[in-house]
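Notes follow once the structure below has been shown.
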Amino acid sequence: MMTASTLLASSGGLIRRAARGTALPVAAILLLALAIWYVGTVFLNASVVTDQYQRDGKTVWTTGELIADTMSMERPVLPAPHQVAAELQKSIFGVKLTSKRNLLYHAWVTFSAAFIGFAFGNLLGIALAIAIVHVKSLERALLPWVIASQTVPTLAIAPMIIVVLGSIGFVGLLPKALISTYLCFFPVTIGMVKGLSSPEPIQLDLMRTYSANEMQMLRYLRLPASLSFLFPSMKVAMALAIVGAIVGELPTGAQAGLGARILAGSYYGQTVQIWSALVAASILSGASVGLIGIGEGWLSRHFGGQA
Amino acid sequence: MTTERQEDAVSPKSGGIPAVEVRDLSLVFQTADAPVHALSHVDLTIAKGEFVSFIGPSGCGKTTLLRVIADLQQATSGTIQVNGTSPRAARLDRAYGYVFQAPALFPWRTVERNITLPLEIMGLNKTEQKARAKRVLDLVNLSGFARKFPWQLSGGMQQRVSIARALSFDPDLLLMDEPFGALDEIIRDHLNEQLLDLWRRTEKTLVFVTHSIPEAVFLSTRIVVMSPRPGRIIDIIESPLPRERTLDIRETAEFAQIAHRVREGLKAGHSYDDR
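Line by line, the protein sequences are chains S and U.
Under the numbering used here, think of the first position of the first sequence as 1, with each following residue one higher.
Under the numbering used here, think of the first position of the second sequence as 308, with each following residue one higher.
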């Protein structure tokens, strides 16, 4: 009885959600994106297919034939979504999880570097923000460097970091993590400087009437007040950390990781492999950012959020 | 009658040092075009156990004076003592509780944890914190709301929580800056009665800033009338009303007389000629 009613309630929720129109727009956008992708596949691959027809001396073909052929090439300019899906299916479920040919293995290699970089980046970003908020002169002394650091193209600085660290014996995961750190401390610093300065004058005055010291001010007021600024920054930072780890895999010709898959794919013109690695990277980013969102929701409910 | 009143006003904790003693105090803000005289040659003594209101139009320095007492702002000249020490020493000693115009509750803390905030900072143990929170919540008639978050409470209830927070560490001196200014008249009347009751029971010294004449007259044992440009005291009125009062007292002739004198004082301050 109980379970039946709960089940009814939850399915009712699903129906209500669909009726209220949250599910429909999501599905519509997804379908639209797929449609655009398919159209792009046909247009970008058509000339390659017709060239092939010419070489083969084939002069008569129907439009339907051409469209079908653009979607079943071995090395298309742009693979069709179902080709990428098939490749993903094959490389995730078709091989053993521990195999180097399994895409999940490569995703894990990239993610572990990205996550360590993300953790370092958060620590660095928060520490910098605390320093900047508390020492007024540091805002002028540090912030320009923080901003300047992000104007250097990652692609230019990544090989140097790898080479320099490699020469002093650091190889593998750590250099990649450091590139992630380099990219992702920035949004955290900026967000936290704003968040730590967010308490209103009246709240600061209140703490002063308790003769609270700077540490207590930070612990009881500034840090809790900054949480709603930290999470959006963390989401940006997480996505950047994964980009950083992938870029870190490119210049060294790494043997494992999504970046290595992309690199290998481009060596051999395996566009389907490149695209499946790209899709895997975006799914990985989306899932990681989603996890941070779940953490944010939990914390918000725990600390008086109105959700 | 007046002599009797004065004894009455000082009686509860008299004989010692005054709660607040201000001598020839001035505060000047330097602005781009001209200096602003927020306070000019203010003299005032507040005895322990008194309920003193500062009343005046905006810009008369009533909030500034309260903030100087609380060491949230510093005077440019003159002397001020709080509990016989400097305002800074009094603040570091947590000698006063301050209630702001807005409740200033921390939204991420429950009502109870908002109230224990000063106690946590002062390093009291958890059991003591809980006991005190319960006691002051009873005092402001909010027992049962301990686990609620601020946004779940009405404006009047939030302000009562902020009063409970100021009472939690049991300071002898309460400084209140228009605490009921944002609330509607019905709730304000109710809270005024509660505050008066609280003051009588706890025998604290209360310094209360308001711009409402009935509120000032109803609550105070002494009313300090202030005027702007420069911010100064133009009249100090000893209230002949008894310490025990109910809202009905506002219908009496005595009440009307004091209210009239406050109004005359405010008029004499020429505060409206340039508006």
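Virtual Cβ for every residue (Gly too), placed ideally from N, Cα, C.
Residue range of the unbroken alpha helix (DSSP H) whose run includes residue i
i	result
A85 (chain S)	P81 to F93
F525 (chain U)	I520 to L526
S282 (chain S)	T271 to H302
A345 (chain U)	Here A345 (chain U) belongs to no alpha helix (DSSP H); instead the beta strand (DSSP E) covers V343 to I353.
R442 (chain U)	K433 to L446
E551 (chain U)	Premise fails: E551 (chain U) is in no alpha helix (DSSP H) and is neither H nor E.
E139 (chain S)	K136 to S149
T370 (chain U)	K369 to I376
A264 (chain S)	L258 to Y267
D205 (chain S)	P201 to T209
M429 (chain U)	V418 to M429
Burial state of residue i (16 or more Cβ within 10 Å)
i	result
A575 (chain U)	exposed
Y238 (chain S)	The sequence shown places Met at residue 238 (chain S), not Tyr. It is buried - the Cβ of M238 (chain S) has at least 16 other Cβ atoms within 10 Å.
A563 (chain U)	exposed
T512 (chain U)	buried
M73 (chain S)	buried
A326 (chain U)	buried
S180 (chain S)	buried
T517 (chain U)	buried
P201 (chain S)	exposed
P549 (chain U)	exposed
M483 (chain U)	buried
R454 (chain U)	exposed
E510 (chain U)	exposed
V375 (chain U)	buried
I540 (chain U)	buried
F452 (chain U)	buried
Q388 (chain U)	buried
V443 (chain U)	buried
W506 (chain U)	buried
R508 (chain U)	exposed
I544 (chain U)	buried
DSSP-derived helix/strand/coil call for residue i
i	result
G576 (chain U)	coil
Q52 (chain S)	helix
G363 (chain U)	coil
I168 (chain S)	coil
M533 (chain U)	strand
G404 (chain U)	strand
S226 (chain S)	helix
D542 (chain U)	strand
F413 (chain U)	coil
T392 (chain U)	strand
T517 (chain U)	strand
A28 (chain S)	helix
R582 (chain U)	Here the model assigns R582 (chain U) a pLDDT of 42, short of 50, so the residue's position is not dependable, and the following value carries that caveat. Coil.
Host beta strand (DSSP E) of residue i (start-end)
i	result
E328 (chain U)	V327 to F336
F185 (chain S)	Looking at the DSSP string, F185 (chain S) is not in any beta strand (DSSP E); the run it does join, the alpha helix (DSSP H), is L173 to L196.
D69 (chain S)	Run containing D69 (chain S): none in the beta strand (DSSP E); it sits in the alpha helix (DSSP H), T63 to T70.
S384 (chain U)	S384 to V389
| Is there contact between the segment 360 to 369 of chain U and the segment 521 to 540 of chain U, where contact requires at least three CB pairs shorter than 8 angstroms? | Judged by Cβ distances under 8 angstroms, the segment 360 to 369 of chain U makes contact with the segment 521 to 540 of chain U, as three or more pairs qualify.
| said: To test your reading of the DSSP string, which unbroken beta strand (DSSP E) runs of 3 or more residues are found completely within the segment 452 to 515 of chain U? | reply: Correct list: 480 to 484.
| said: Three or more C-beta pairs under 8 angstroms: does that hold for the segment 248 to 262 of chain S against the segment 50 to 60 of chain S? | reply: With the cut-off at 8 angstroms, the segment 248 to 262 of chain S and the segment 50 to 60 of chain S do not touch.
| field | Given 8 angstroms, three or more beta-carbon pairs between the segment 460 to 467 of chain U and the segment 400 to 419 of chain U | value | Yes: the two stretches touch, three or more of their Cβ pairs being nearer than 8 angstroms.
| request: For the segment 272 to 279 of chain S and the segment 73 to 87 of chain S, state whether three or more C-beta atom pairs, one from each stretch, are separated by less than 8 angstroms. | output: As far as the Cβ criterion goes, the segment 272 to 279 of chain S touches the segment 73 to 87 of chain S, which means the pair count is three or higher.
| query | So does the segment 154 to 165 of chain S actually touch the segment 200 to 218 of chain S, counting three or more Cβ pairs closer than 8 angstroms? | reply | No: fewer than three Cβ pairs fall under 8 angstroms.
| query | Using 8 angstroms as the threshold, is the segment 391 to 399 of chain U in touch with the segment 559 to 573 of chain U, meaning 3 or more CB pairs across them? | reply | Taking one beta carbon from each stretch, the segment 391 to 399 of chain U and the segment 559 to 573 of chain U have fewer than 3 pairs nearer than 8 angstroms; the two do not touch.
| request: Taking 8 angstroms as the threshold, find out whether the segment 41 to 50 of chain S comes into contact with the segment 223 to 242 of chain S through three or more Cβ pairs. | output: Fewer than three pairs of CB atoms, one per stretch, sit closer than 8 angstroms, so the segment 41 to 50 of chain S makes no contact with the segment 223 to 242 of chain S.
| field | At least 3 beta-carbon pairs within less than 8 angstroms: the segment 478 to 498 of chain U vs the segment 332 to 339 of chain U | value | Judged by Cβ distances under 8 angstroms, the segment 478 to 498 of chain U makes no contact with the segment 332 to 339 of chain U, as fewer than three pairs qualify.
| Given 8 angstroms as the limit, is there contact between the segment 136 to 145 of chain S and the segment 282 to 294 of chain S, that is, 3 or more CB pairs closer than that? | No, the segment 136 to 145 of chain S does not touch the segment 282 to 294 of chain S.
| With contact counted as at least three CB pairs below 8 angstroms, one residue from each stretch, are the segment 177 to 193 of chain S and the segment 377 to 386 of chain U in contact? | Taking a cut-off of 8 angstroms for Cβ pairs, the segment 177 to 193 of chain S and the segment 377 to 386 of chain U do not touch, as fewer than three such pairs fall below it.
| query | Counting pairs of Cβ atoms below 8 angstroms between the segment 341 to 348 of chain U and the segment 499 to 506 of chain U, do you hit three or more? | reply | No: fewer than three Cβ pairs fall under 8 angstroms.
| message | With three or more C-beta pairs closer than 8 angstroms as the rule, is the segment 256 to 265 of chain S touching the segment 115 to 132 of chain S? | response | The segment 115 to 132 of chain S is not in contact with the segment 256 to 265 of chain S.
| Using 8 angstroms as the threshold, is the segment 117 to 128 of chain S in touch with the segment 96 to 108 of chain S, meaning 3 or more CB pairs across them? | No, they do not touch.
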